[in-house]
Amino acid sequence: MARYRILDYSFTTAAELARAILEYTGQPFEDKRVDKDKAAELEKGTPFGTLPVLEVEGRVIAQHQSICRYLARQHGEYSTARNGPYACDVTSSDT
0 MARYRILDYS FTTAAELARA ILEYTGQPFE DKRVDKDKAA ELEKGTPFGT
50 LPVLEVEGRV IAQHQSICRY LARQHGEYST ARNGPYACDV TSSDT
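Counting in this note's numbering, the sequence shown runs from 0 upward without gaps.
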């Protein structure tokens, strides 16, 4: 089983959907949250200099939409039906 760790700010962010996917699919994960004023050191080690990121088996996945799509695909929740991927993408997209 993969070991997941979400690194994120301590306030509500777009990573809530990633947490929900992990909870829904029954995947254990570490949820590390840091205050914005203490996040600078963590941000330096991320691909785009910002949080959230998902760490899984030595890889760092950045950008909340990519994180959500990755998790949905890994756990059979990303539809392969004709219009299914569209529905998944709309759900994970910013509005």
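Using N, Cα and C, we set each Cβ at its ideal position, and we do this for glycine too.
Item: Three-way DSSP call (helix, strand, coil) for A61 in this model; Value: strand
Item: Identified DSSP bridge partners for L53; Value: I5, I60
Item: Pick from R2, M0, A13, Y3 that is closest to T49, judged by C-alpha positions; Value: A13
Item: Exposed unless 16 or more other CB atoms sit within 10 angstroms - verdict on F47; Value: exposed
Item: For D30, the three-state DSSP class (helix, strand or coil); Value: strand
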